[in-house]
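Asker:
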Amino acid sequence: MRVLLVAVLVQLTRAAEIKAIQVTAAGNPEALPLRQAGYVRREHRSQESSLAQLVPQPVSKVVEDATEAVSHLKSESTIGIWKEEEKQASTAMALSLLASLSFVLTVFYMWNTPALKVATRKILVSSISLFSVVLSFMVMKKVWKLIAGSESSSETKTLSDIFSFLRFFILYMLPSILRKRLEKQMDTDRIRAFQIVGVHLIGFAGADAFSDVLKLNVFSASTYGYFLGVCCMAALLGIMSWATMKIRTRSQTPEAAPLVEGSSAAEDATGEPTQAASATATPEGPVNQLLETMEVEIEGFVVGFLVSMWVRFTVTGALPGAKYGRQITGDDVSWLLCFCLAAFFFATLLAAYQARFPAASATTRVQYFLQRARRMLSMTTLMSFAWLAFFLCQWLLWHVTADGPNGSHHTAKLTASNALALLASASVFLPMMALNLVGKADWLLYSSEAFVKVAALVLGFSWETAVYMVVQGASESTEGEATKKLLGIATILLILLLILPGWYMHMLPEIKPSKEDQEQVPEEKAAEPAEVST
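Under mature numbering (1 follows the signal peptide of the UniProt record, and there is no 0), the letters of the sequence shown match residues -15 to -1, 1 to 519, in that order.
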């Protein structure tokens, strides 16, 4: 009985002591003193403390409760992130479906429009060629990573850079070496396929090789050093072009005389260029002219890409191809837009100059090289504008959709890539349809190879980016790095197997306007003044 009374008195005394401590703390839990080591008391401000609530709890119990609360918060935040990524994935799927359907329906409409059929075929032939070439390069890179391993050393990287440059050098020299065999295939679908695919294959190989060279510290230390590197790569391309010209002239017939050095030797007594000079000042035959045109387009493709790399380096302050460490801002997009407009202005100016002052037949080496330099400068500015237009669309969508540097999450990248394909298709096809509605489709049909080149680059690279992101996302569902790469390689090869046969058999052959289409255009033009006069 005495023990029970003592216990009751002890509990009452402890309750009074704790009540006094709560009043002293004034509602601040941090002001509660710890009377015993390993115990902590809780404050209950809403109601009176009962004897069960006054029993001290060990620290392990408090830690367990805190851990449970934190895990509950983490699970809620994780669920929120999953819901956000699910929304982005749904948006990406909707954009992918919309882009595919709109592309197919628009191409079907334009293919069946007589005034747009030829221009549509040219754009599709060139863009599908570029699309297939870039996917083929992705396959080669995946194969190289399977051989060398994902974590490559500096020696492996150096070996890869050397291999890239040798690949470009061999591909660049190969057409001139095979000149005699190409003569037998002139005016065939094979030579047209060789020209279109060859420009994209050799051009992309050069862009890949030279971009690796420009990653060296001597060039990538500053924007000025990078610009100097771009100039050095352009000079190297000029030297390689001179070497291929020498190969072609040596493989000509012995009767062909060398290029004359001055205008006095190229003219006869009447002051007119001699027949030998006019025949040897420029490459002889359609094959040499074809190869020279390919070289000019390749040089413009490569140098234009390097110029776009330098512009992006200047705008962001980080080397393209590396992580920027920040999101693409609105200022970055604005500056890139300014450079894109400047490239468009210079490309238009050079095109107008060439149209007003067409190049005459070269009679000397100096005239030939000056004409070649002018063509290369015009093609470089045109392709620089095409590359900058593509990256402008990409940066704009990165800025809108990405939630990290360069779109750190795959769903954000997938959304941006599908939106890029949709935006590129609209940018190419809507102006063509508008020109057809106002009756200016002849400009696309006869006088705008420049538009075809720009449209093919923007369209081909945009759809390649979208398809590659889908392939990469599909391979992520498997386990193991080697299995992912093999699945990606198999998927890309299957896509190419489905595309290339139809491209070669149905799109590559040139479409000649039918007699009905040729008669319909003059009738429409003759009927227009009569409608206006009435």
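Positions of the beta carbon are idealized from the N, C-alpha and C atoms, including for glycine.
When burial is assigned at 16 or more other CB atoms within 10 Å of the CB, is D172 buried or exposed?
Answerer: The count along the sequence shown starts at 1 and reaches residue 172 at position 187. So D172 ends up on the exposed side.
Asker: Out of V281, I313, L322, which has the shortest C-alpha to C-alpha gap to Q180?
Answerer: Residue mapping note: residue 180 aligns to position 195 of the sequence shown, counting from 1. Of the listed residues, the one whose Cα sits closest to Q180 is V281.
Asker: May I have a chain-ordered list of the alpha helix (DSSP H) segments no shorter than 4 residues that lie completely inside the stretch 96 to 162?
Answerer: Within the stretch 96 to 162, the complete alpha helix (DSSP H) runs of at least 4 residues are 99 to 133, 139 to 162.
Asker: Name the two residues that bound the continuous alpha helix (DSSP H) containing A456.
Answerer: Start at 1 with the first residue of the sequence shown, and residue 456 comes out as number 471. Reading the sequence as shown, one finds Val at residue 456 and not Ala. Here the alpha helix (DSSP H) through V456 covers 434 to 460.
Asker: Use the C-beta contact count for L19: other C-beta atoms within 10 angstroms, 16 or more gives buried, fewer gives exposed.
Answerer: Counting from 1 along the sequence shown, the entry for residue 19 is found at position 34. Any reading at L19 must be qualified, since the residue scores a pLDDT of 46, below 50, and its modelled position is unreliable; no value is offered.
Asker: What residue does the alpha helix (DSSP H) around E282 start on, and which one ends it?
Answerer: Locating residue 282 in the sequence shown gives position 297, counting from the first residue. Unbroken alpha helix (DSSP H) run through E282: 270 to 301.
Asker: With distance defined between alpha-carbon atoms, name the residue in W295, T366, L442, T234 nearest to R350.
Answerer: Position 365 of the sequence shown, counted from the first residue, corresponds to residue 350. Answer by Cα proximity: T234.
Asker: Measure how close the beta-carbons of L367 and A397 come, nearest whole angstrom, since I'm counting them as under 8 angstroms.
Answerer: Start at 1 with the first residue of the sequence shown, and residue 367 comes out as number 382. Start at 1 with the first residue of the sequence shown, and residue 397 comes out as number 412. Between A397 and L367 the Cβ distance is about 32 angstroms, and since that is not below 8 angstroms, they are no contact.
Asker: Along the alpha helix (DSSP H) that carries Y338, what are the first and last residues, could you check?
Answerer: Position 353 of the sequence shown, counted from the first residue, corresponds to residue 338. First-last of the alpha helix (DSSP H) with Y338: 315 to 341.
Asker: Going by beta carbon distance, what residues of the same chain come within less than 6 angstroms of V439, once the five residues before and after it are set aside?
Answerer: Position 454 of the sequence shown, counted from the first residue, corresponds to residue 439. So the list reads A371, once near-sequence residues are dropped.
Asker: Excluding the 5 residues flanking V118 on each side, which residues of the same chain have their C-beta closer than 8 angstroms to its C-beta?
Answerer: As a position in the sequence shown, residue 118 is number 133, starting the count at 1. These residues qualify, in order along the chain: V182, H185, L186, F189.
Asker: Looking at the structure shown, is E466 part of a helix, part of a strand, or coil, going by DSSP?
Answerer: Taking the sequence shown and counting its residues from 1, one reaches residue 466 at position 481. When secondary structure is reduced to three states using DSSP, E466 falls in the helix class.
Asker: From L109, A178, A426, L355, pick the residue whose C-alpha is nearest to that of S410; which is it?
Answerer: In the sequence shown, counting from the first residue as 1, residue 410 sits at position 425. Ranking L109, A178, A426, L355 by Cα distance to S410 puts L109 first.
Asker: Please work out which residues of its chain come closer than 6 angstroms, Cβ to Cβ, to T365, disregarding the five sequence neighbours upstream and downstream, and give them in chain order.
Answerer: In the sequence shown, residue 365 corresponds to position 380, counting from 1. Around T365: G285, V288, G289.
Asker: Which ranges does the beta strand (DSSP E) cover as unbroken runs of at least 3 residues, wholly within the stretch 172 to 196, from first to last along the chain?
Answerer: none
Asker: Find the nearest neighbour of residue 583 within the set I477, S319, L442, judged by alpha-carbon distance.
Answerer: Only positions -15 to 519 of the chain appear in the structure, and residue 583 is not among them; the question remains open.
Asker: Could you give the DSSP three-state label for V423: helix, strand or coil?
Answerer: Position 438 of the sequence shown holds residue 423. Residue state, collapsed to three classes: coil.
Asker: What did DSSP end up calling P416 once you bin it into helix, strand or coil?
Answerer: Along the sequence shown, one-based indexing puts residue 416 at 431. The answer is helix: DSSP assigns P416 an H, G or I state.
Asker: Among S319, I113, W428, which has the Cα closest to the Cα of L483?
Answerer: If you number the sequence shown from 1, residue 483 lands on position 498. For the residues S319, I113, W428, the minimum Cα distance to L483 belongs to I113.
Asker: With a Cβ-Cβ cutoff of 8 angstroms, do S363 and A340 count as a contact?
Answerer: By one-based count along the sequence shown, residue 363 stands at place 378. By one-based count along the sequence shown, residue 340 stands at place 355. Not in contact: S363 and A340 (Cβ atoms no closer than 8 angstroms).
Asker: Is it the case that the Cβ atoms of D174 and L493 are separated by a distance below 8 angstroms?
Answerer: Stepping through the sequence shown from its first residue, residue 174 is reached at position 189. Stepping through the sequence shown from its first residue, residue 493 is reached at position 508. Judged by their CB atoms, D174 and L493 are nearer to each other than the 8 angstroms cut-off.
Asker: At what residues does the alpha helix (DSSP H) containing T208 begin and finish?
Answerer: For the purposes of this step, residue 208 is identified with residue 223 of the sequence shown, where counting begins at 1. Segment 208 to 235, the alpha helix (DSSP H) holding T208.
Asker: So is Y209 buried or exposed if we call it buried at 16+ other beta carbons inside 10 Å?
Answerer: Against the sequence shown, residue 209 aligns to sequence position 224. That one is exposed.
Asker: Provide the residue span of the alpha helix (DSSP H) that contains Y489, from first to last.
Answerer: Locating residue 489 in the sequence shown gives position 504, counting from the first residue. Neither: Y489 is in no alpha helix (DSSP H) and is coded neither H nor E.
Asker: In or out: S369 buried (at least 16 other Cβ within 10 Å) or exposed?
Answerer: Residue numbering aside, residue 369 sits at position 384 when the sequence shown is read from its first letter. Answer is buried; the Cβ neighbour count reaches 16.
Asker: Taking one C-beta from the stretch 374 to 383 and one from the stretch 315 to 326 each time, how about it: are there three or more such pairs within less than 8 angstroms?
Answerer: yes
Asker: For T349, name the three-state secondary structure that DSSP assigns.
Answerer: Position 364 of the sequence shown, counting from 1, holds the residue named residue 349. Coil, per DSSP.
Asker: With distances taken between CB atoms, is the gap from E449 to L120 smaller than 8 angstroms?
Answerer: Residue numbering aside, residue 449 sits at position 464 when the sequence shown is read from its first letter. Residue numbering aside, residue 120 sits at position 135 when the sequence shown is read from its first letter. Going by C-beta atoms, E449 is nearer than 8 angstroms to L120.
Asker: Counting C-beta neighbours from all protein chains within 10 Å, is the total for T265 16 or more, i.e. buried, or is it exposed?
Answerer: Working through the sequence shown from its first residue, we reach residue 265 at position 280. Note that T265 scores 43 on pLDDT, short of 50, meaning its location in the model is unreliable; the coordinates nonetheless yield the value given after this. So T265 ends up on the buried side.
Asker: In angstroms, rounded to a whole number, what distance separates the CA positions of V413 and N273?
Answerer: Within the sequence shown, numbered from 1, the residue matching residue 413 stands at position 428. Within the sequence shown, numbered from 1, the residue matching residue 273 stands at position 288. When rounded, the distance between both Cα atoms is 32 angstroms.
Asker: In this structure, does DSSP put A241 in helix, strand or coil?
Answerer: Here residue 241 corresponds to residue number 256 of the sequence shown, with the count starting at 1. With a pLDDT of 43 at A241, under the threshold of 50, the predicted position of this residue should be treated as unreliable, and no value is reported.
Asker: Could you check what DSSP says for L381 in three-state terms: helix, strand or coil?
Answerer: Walking along the sequence shown from the start, residue 381 turns up at place 396. Note: L381 maps to helix in three-state DSSP.
Asker: Out of G270, Y211, L444, F116, point me to the one whose CA is closest to A404's CA.
Answerer: Counting from 1 along the sequence shown, the entry for residue 404 is found at position 419. Cα-wise, what sits closest to A404 is L444.
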